[in-house]
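Numbering (the numbering used here), first residue to last: 131 to 239.
Backbone N, C-alpha and C define an ideal beta-carbon position, used for all residues, glycine too.
Predicted, not measured: the structure shown is a model, and the values here were computed from it.
What follows is the structure, encoded as structure tokens:
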């Protein structure tokens, strides 16, 4: 799979607010699929939660590990770091440099 295809899967996974909520929950601690289903029981059925988890897994944002009857879901932060390094950091560095030059120019006047 190409880098562009992997990025597309990540951005597609992040496009849904419920999937972002799952990632927020997993950021705090790994959770079983049952725990996640219980968290969303007022708004989503188990099948829908499983579909969202499948999208997150396919994007590499979640790693699922079976332990007996339990399925533990872990956040995989590596894709976030890769996105940050490729897309966010270069733009942020340039913006900080621009602001620094602007500050220096204003202070010189």
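Annotated three-state conformation of residue 173 is coil, per DSSP.
In the structure shown, residue 222 adopts helical secondary structure according to DSSP, grouped into three states.
In this structure the region 184 to 198 lies against the region 133 to 152, because at least three pairs of beta carbons, one per stretch, are closer than 8 Å. In this structure, residue 153 keeps its C-beta atom at 7 Å or more from the C-beta atom of residue 161. In this model, residue 212 and residue 182 are separated by some 22 Å (Cα to Cα).
Under the three-state reduction of DSSP output, residue 234 falls in the helix class. The region 196 to 210 and the region 157 to 172 touch, with no fewer than 3 CB-CB distances between them shorter than 8 Å.
For residue 191, no beta strand (DSSP E) segment is defined, and its DSSP state is neither H nor E.
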